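**Student:** Protein chains in written order, with this note's numbering: chain A, 11 to 173; chain B, 801 to 1184; chain C, 2 to 560; chain D, 98 to 531. All C-beta atoms, glycine included, are put in the ideal place defined by N, C-alpha and C. These figures come from a predicted structure and were not determined experimentally. This is the structure I want to talk about, given as structure tokens.
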Amino acid sequence: MNGFNLSRSICTRQLLQTKRRRKITEFEPRIIVFACNWCTYAAADIAGTSRIQYPHNVRIIRVMCSGMIDPIYVLRAFERGADGVIVAGCNYTDCHYIDGPVKCDVMFEKLGKCIHTLGLEDERLRRELISTSEGTIFAKVIKDMVNQLKKLGPSPFRKKVKS
Amino acid sequence: MTLEDIIKETKTYYCLECGKCSSICPISRHNPSYSPRLMLEKALNGFEGDLINDQELFSCLSCYNCLLRCPADVDYPLFMQKVRALASAQGKYGVPAHSGTLQSLMRLMSNPAIEQRRLEWLSDEYRISEKADILFFVGCAPYFESVLDFKTGALDIAKDSLKILNALGIEPMVLADEKCCGHDLLWTGDVKTFRKLAEHNARIIKESGAKKIIFSCPEGYRTFKFDYPHYVDLDCELQHITEFLAENMGKGKLNFKEAKKKVTYQDPCRLGRHLGVYEQPRKLIEAIPGIELTEMEHIRDESICCGTSAWTNCDAYSKQIRTERLLEAKATGAEMLITACPKCQIHFKCAMVSKGEERGPDVEMDVMDIVNLVASALGDNGSE
Amino acid sequence: MSDVRIGVFICHCGKNIAGVINVPEVTEYAKTLPNVVYAEHNLFTCSADGLSSITRKIGEYKLSRVIVAACTPRTHEPLFRTACEAAGLNKYLFEFVNIRDQCSWVHMQEPEKATGKAKDLVRMGIAKARLLEPLEDVEIGVTPACLVIGGGVAGMSAALNLANQGFEIYLVERDKELGGLLLNLNRLFTSDSKAEEVIVPLTEKVKNHQNIKVHTSTEVKGVAGFIGNFDVTLDQKGEEKKIKVGTIIVATGAEVLKPVDQYGYGDKSNVITQLELEERLNNGVGDEQNIVMINCVGARIPERQYCSRICCMVAIKNAVLIKENDPRAKVWVLHRDLMTYGTEFEKYYQKAMEKGVRFIRYSLDKLPEIVGNNKVKAVKVYHQLMGKEIVLPCDMLVLTTPLIPHEDNQDISRMLRVSLGEHGFFLEAHLKLQPVEFATDSIYVCGCARWPASVPETISQAYAASAKAAIPLRRGYIRSEGITASVDEDKCSGCGICVLLCPYNAIESQSKDGKKLAHITTAQCKGCGTCGAACPSGAISMNHFRDEEILAQVEALVI
Amino acid sequence: MAVNNSVLIIGGGIAGIQSAIDLANMGFQVCLVEKSPSIGGRMAQLDKTFPTNDCAMCILAPKMIEAGRHANIKLLTYSEVLAVDGEVGNFKVSIKKKARSVDEKKCTGCGVCVEKCPWKVNNEFDLNLGQRKAIYFAFPQTVPKLPVIDREHCAYFLKGKCRACEKFCEAGAIKYDQEDEIIEVEAKAIIVAAGFDLYDPTPLREYGYGRIQNVITAMEYERLSSASGPTAGELKRPSDGKIASDIAFIQCVGSRDVRSNRYCSSVCCMYGTKEAILAYEHQPGTKSTIFYIDLRAVGKRFQEYIQRAKDEYNVTYIRSRPGNIELNHHTQNPIIWYEDTTTGETKSLEVELVILCQALIPPRDIQEMASILSIELDEYGFVKTPDGLSHPVDTTRVGILACGCVHSPKDIPDSVVQASAAAARAAEILSGGT
């Protein structure tokens, strides 16, 4: 009897372990969103108040304006193993600081080139204009990005970080 | 009276187009295409022709369901009454029941030349007076018996009414040349004849010196109370016999013998929703020892009409309405359905008679007027 | 940094958060993180006891940083900051973590994942909090004067109210005379009193008020300066005038849509708008016997989805006036829904029905059609219930058109740095609770500039705006947040890039002991941080969002 | 509290709170009188607000607390105005402060008393759908955070025994012998922000409220839908606790009807839509049908909200006013009879739950209040404005202003606007104008 119990418990343990392993192997991309306080961050809140469901993989970092986003923020995110980064803010018309998005675009264009040269897939870096009421759009963007990244697999830098 | 005047008088212009009237109209329930609101819309948008030529113009039961529920204060029944007058002026009368015999009788009656023999049923079993304060208005009962091909029991209502009044020691007047109150003509638009009848009745009642008129028929009562004032002046106290009895049961010597029966009660549209008499009939029924009153699902101001009014447009839908009502009555487990209006009784009985042909659901059940019930329960000393 | 003592407060928000996220688990997790000396969770951290708990715990545990993980900083940050201040902790040592709007509410189906995410967010918040620095709010004096843009009933009511409170008002009107849209109106619902009975006395009071300086035929050309202290340039027929004000009320109203090429407007002589009808009624003319009105012309359509709120009443009022003037006249109002909301309007609608005005419903998929060549002779409208077309004789067709925003709202919004909403009306700070305020302090909006409104509603909003304006004017100061950029003069190379970039001209190059250095006028800085991002020598940092602070959050992404 | 330069505000709902905060921020002294134990008013009972779906408490709570903490605002909750003498510039007001049976100075609001109290009573804040204790907080975020003993249900006051709350209160704040106080207040102006009551649909028998279990009112629905409500936010229908997935809303219940109130209640079309959207959010797929006469969506973003309800939240609008509601005895489902007003056909619709969008009516004690303040009311019982046009927040008595729904039914933004407007008028009066 005892033996039976024992062997049984062993089986279950193994079963559990394989289960766990399977969990680990299932790739969950990590996304960082730099969101401006007035539009995109608010849109994310609206997505919440409207209970629009989207994947959990995203972590939002609030900045006052997309115009204040320094390239280093993005690069560091990749260094630290982010699989994708979204730089998001107001539309050009409704920036709280008049022309933040334009400045952001300038920065982004340069940044994009670097990422490209580094040999990182272009899809891993996105520029989005999402204004206050657009909770649905915010959710949609996240969904797309997650699907894309799941296809792409983990960021090469992420592997580096892990090792 | 023009359509515009009617719209003003009945406050039709208030219509919010909400459709509440249709959704509680007993006709609409069975005939979804019938919409009281549509009638109003036609009027409001000046489609007088369509309105007057609409067969369904005469389908309305003037049951007052819509009037009691209308959020916009539109008097649809009155609207019907008035528009039908317009229609009849152009020879439109809807579809008279019994090939219009009754309407024609009423018109004939209005002829001053004729001398009716409407009291031949009076035997000396009943005590009446030449002169008295109280007048009993017999109504059309004497005619119904001879027109309809089944026992209506209408005349018994008249008889029993006298029996009960006598039992209370009251010997009322009954008028030999009383004429139809005109209710049905008014509601089918024949205002001209209605006026004649009203004037006649008013005149002879004045001459009789009656102070109070008692009706066993709610239609007469309603017509005298609400319609006559617009055409004649007659200053008399009016009461339905149930009101009168409920008031005087205690006095006099109305003592009942035990009558074991389970009954249910049909509020007639006119006695109920029109005149607001709900309690007295119930009080009467419950006063009779051994009688158990079990109510139907729809009672008082939510009661369902017997399906036809003014002897017109008595169609399949009317039949469905009364069939449904009878089933509701049977569902209470009562052995007998008590009504307080000869017409209700006639229509329910009719529904059972005609049951033979197309076998609908079994709606057989005893129907009796409340007056007959009370009379039958009177102790012997009652009719001394 | 070892001396940093962090307290973490995690909110259930009833079930809003706790229904999805395992709050106790997150709390326990927070306790394990460096520098965290205390963590608790509350049913409602924003409730009075939640807040007092924060205040108490700061004392008990000598907390030098406070983190609340709850809803969103956009609504609740000020509240928790005051709780910190109450315990003498600088409010900028508080950090907000959003685990409701951006976590529990958007991952309802996957509680474990949500809980995991909440932990990450808390960890990231803590990482930032370690580096937070105390900041001081700047208190700015307020010029005790108010600029009211727009001399309609809204502007005049606001001006008068503030003037009566003793403040100096500059009332600027683009047109020759005060009065705005009401000048073109005949009578006003629901009292039916003449428009001038409202406008004339109001105008007199305004003109004769010692505290009000009226500038007609004048436009606002430029607005410099910053909250509480605006330098406004007025342009009166070419000649410029400079004024200083502390607050600004936008009361520029709206205009009535001209329904060009609709229902024959423009080419058929007897097709007019309600506004044009008002003028005709004013002059007492009009012998037309059959008048048809069509509501929602250019409103509640895909291109212009909104309902302009007051048009139904305008139509009904004019219909009633026509009937009162000539009871034989026939008036039909073709509508899609009658917006006679409230007590007064519904009663007025009944009055119209009593007077014989007839209402017919039409729907977008079957629009009314006009019959006639150079004049409209009849209007065909499909009656759904009757299932057929009704042909209405028509001597005059009146089109009810919506109020639309002025085109120059764009310019004003740019000048004042306030935003416009979807349809081009001004966008308030919060639709429910800040209806007459802008996101920017000391600038307010009222009347039809914000959204179509009846006269009483407009006056209410005007008073509301003046109440808001009166607050800084009475206080004499505005406290502005410490979240602004600052220059480290040792690092500054004086390149001047920031000077060019700053959207508010808050930065200027100043010579300081021989060096050209960037100098920031803090009160004027709105804290967008662009300068910081652009500064090549890393001399400018955007307080509360310094690179280190943001990078710390990034770093904390993975353990 | 004989403070000069002060304003008395009657009613602690969102309107009263906003007026109070504005005046206080201007530097005036404000006395805010609320008859219930906490400020917050009707808005506190709501789950979400249209058209933003902000959670009502989320945006209200900060304001309640600001009002509760403001140095210039004196809160008198659980208090009623008894008499008003004097005139504009110097009103003398006497206020009855009802006994909470709790010492405000000692109580910490910890809530142990509530926890330990053994006596359960229906909670009127939840429209008696849930229960509270005999000593209670009406809801979690009350301001002030002070419990109150409901003397009609407290065993100590009924039978003279129990005293559990007293036993467990470490602060020793329970005061059974506390008595009502009369407080005299001086004010230069008065703002009436008494809000509204809700129409009780019982008289409209055709709709079966009270007879058919699964016919409920809109406010009952709000409480069911609210996370802090009696069902913790689950939309369980009364008859069997089943979560209704097919529901109907009936508009104009107690409004636009000669038999109840003829006026339009302004907000029902929108809150009905909001509740339908909430139902879908609680249970995706939920089907809602809204019966209306005119769809009155006149505010900012309202039309868009309606469109969204149709497109994304499975909401159907039927232009019709149902005639009556019958009961399917087997399923306990209400059956709605209505006319399809596009065809004139009479139809019936069976749903699992019916919500009656009840009208906003004047506060039930408005007559009394009006006579105390000697102000006039309009034919419906709402506070009357002098000319209905150019003095939107005045009353017929100089120095007494009114704002919010006590004037006529209106939504939250309009109430807030009027609240600030009344504050501005008060400031004008206090500055010597009228």
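Of all the CB atoms in chain A, is at least one closer than 8 Å to the CB of residue 411 of chain D?
**Tutor:** no
**Student:** Using 8 Å as the threshold, is the C-beta distance between residue 883 of chain B and residue 824 of chain B below it?
**Tutor:** no
**Student:** Taking only beta-carbon positions, decide if residue 64 of chain C is within less than 8 Å of chain A.
**Tutor:** Chain A contact via Cβ: absent.
**Student:** Which value, in whole angstroms, describes the spacing of the CA atoms of residue 137 of chain A and residue 110 of chain A?
**Tutor:** 13 Å
**Student:** How would you call residue 80 of chain A, buried or exposed, if buried means at least 16 neighbouring beta carbons within 10 angstroms?
**Tutor:** Burial call: buried.
**Student:** Quick check on DSSP: helix, strand or coil for residue 45 of chain A?
**Tutor:** strand
**Student:** Please report how far the alpha carbon of residue 273 of chain D lies from the alpha carbon of residue 198 of chain D, in whole angstroms.
**Tutor:** Rounded to whole angstroms, residue 273 of chain D to residue 198 of chain D spans 5 Å at the Cα level.
**Student:** What does a CB cutoff of less than 7 Å around residue 206 of chain D pick up in its chain, not counting 5 residues either side in sequence?
**Tutor:** For residue 206 of chain D, where only same-chain residues beyond five positions count, the Cβ hits under 7 Å are 242, 243.
**Student:** Using C-beta distances below 7 Å, list every residue in its chain close to residue 268 of chain D, excluding the 5 sequence neighbours before and after it, in chain order.
**Tutor:** Counting only Cβ-Cβ distances below 7 Å, and skipping sequence neighbours, we find 203, 204, 205.
**Student:** Once DSSP output is grouped into helix, strand and coil, what is the label at residue 934 of chain B?
**Tutor:** strand
**Student:** Is residue 167 of chain C a contact residue of the ligand SAH, with contact defined as CB to any heavy atom under 7 Å?
**Tutor:** No copy of the ligand SAH appears in this structure; indeed no ligand is present at all.
**Student:** Quick one: Cα of residue 443 of chain C to Cα of residue 147 of chain A, how far?
**Tutor:** Their backbone Cα atoms lie some 32 Å apart in a straight line.
**Student:** Using beta carbons (cut-off 8 Å, strictly below), is residue 824 of chain B in contact with chain D?
**Tutor:** yes
**Student:** List in chain order: all unbroken beta strand (DSSP E) runs of 3+ residues lying wholly within the segment 108–143 of chain A.
**Tutor:** 135–139
**Student:** Compare the C-beta of residue 522 of chain D against all C-beta atoms of chain C and say whether one is closer than 8 Å.
**Tutor:** Residue 522 of chain D counts as touching chain C.
**Student:** Are residue 179 of chain D and residue 193 of chain D close, meaning C-beta to C-beta below 8 Å?
**Tutor:** yes
**Student:** Where does residue 858 of chain B sit, in a helix, a strand or coil, going by DSSP?
**Tutor:** helix
**Student:** Determine the direct distance from the alpha carbon of residue 124 of chain C to that of residue 34 of chain C, and round the result to whole angstroms.
**Tutor:** For residue 34 of chain C and residue 124 of chain C, the distance between alpha carbons rounds to 7 Å.
**Student:** Starting from the C-beta of residue 219 of chain C, find all residues in its chain whose C-beta is less than 6 Å away, skip the five residues before and the five after it, and write them out in chain order.
**Tutor:** 173, 235, 237
**Student:** Report yes if the CB atom of residue 821 of chain B is closer than 8 Å to the CB atom of residue 870 of chain B, and no otherwise.
**Tutor:** Contact flag set, yes.
**Student:** Which residue comes first and which comes last in the beta strand (DSSP E) that contains residue 542 of chain C?
**Tutor:** 541–543
**Student:** According to DSSP, is residue 437 of chain C helix, strand or coil?
**Tutor:** coil
**Student:** According to DSSP, is residue 1161 of chain B part of a helix, a strand, or is it coil?
**Tutor:** Residue state, collapsed to three classes: coil.
**Student:** Just to confirm before moving on: does the CB-CB distance between residue 290 of chain D and residue 503 of chain D stay below 8 Å?
**Tutor:** The answer is yes: Cβ separation under 8 Å.
**Student:** Give me the chain C residues within the contact set of residue 845 of chain B, using Cβ-Cβ distance strictly less than 8 Å, ordered along the chain.
**Tutor:** 359, 361, 384, 387, 391
**Student:** Closest Cβ-Cβ distance between residue 91 of chain A and chain G: below 8 Å?
**Tutor:** As a matter of chain content, chain G is missing from the structure shown, whose protein chains are A, B, C and D.
**Student:** Mind checking if residue 460 of chain C is an interface residue toward chain D, Cβ cutoff 8 Å exclusive?
**Tutor:** yes
**Student:** Distance, Cα to Cα, residue 260 of chain D vs residue 217 of chain D?
**Tutor:** 15 Å
**Student:** Please confirm if residue 98 of chain A has its CB atom under 8 Å from at least one CB of chain C.
**Tutor:** So, not an interface residue.
**Student:** Suppose you measure from the CA of residue 1183 of chain B to the CA of residue 989 of chain B; what does that come to, to the nearest Å?
**Tutor:** Reliability of the predicted coordinates at residue 1183 of chain B is poor, the pLDDT of 42 falling under 50, and the value obtained from them is presented with this limitation in mind. Going by the C-alpha atoms only, they are around 42 Å apart.
**Student:** By the 10 Å Cβ neighbour count, where 16 or more other Cβ atoms means buried, how is residue 319 of chain C classified, buried or exposed?
**Tutor:** Its Cβ being crowded by 16 or more others within 10 Å, residue 319 of chain C is buried.
**Student:** To the nearest angstrom, report how far apart residue 171 of chain A and residue 36 of chain A are at their CA atoms.
**Tutor:** Residue confidence for residue 171 of chain A is low, a pLDDT of 43 falling below 50, so the modelled location carries little weight and cannot support an answer.
**Student:** Roughly how many angstroms lie between the CA atoms of residue 425 of chain D and residue 1071 of chain B, to the nearest whole one?
**Tutor:** CA-CA distance, residue 425 of chain D to residue 1071 of chain B, rounds to 30 Å.
**Student:** State yes or no: is the beta carbon of residue 59 of chain A nearer than 8 Å to at least one beta carbon in chain D?
**Tutor:** yes
**Student:** Within a Cβ cutoff of 7 Å, which residues of the same chain sit near residue 1099 of chain B, ignoring the five residues on either side of it in sequence?
**Tutor:** 1067
**Student:** Extract the residue ranges of the alpha helix (DSSP H) inside the segment 273–321 of chain C, only unbroken runs of 4 or more that lie entirely within it.
**Tutor:** 275–283
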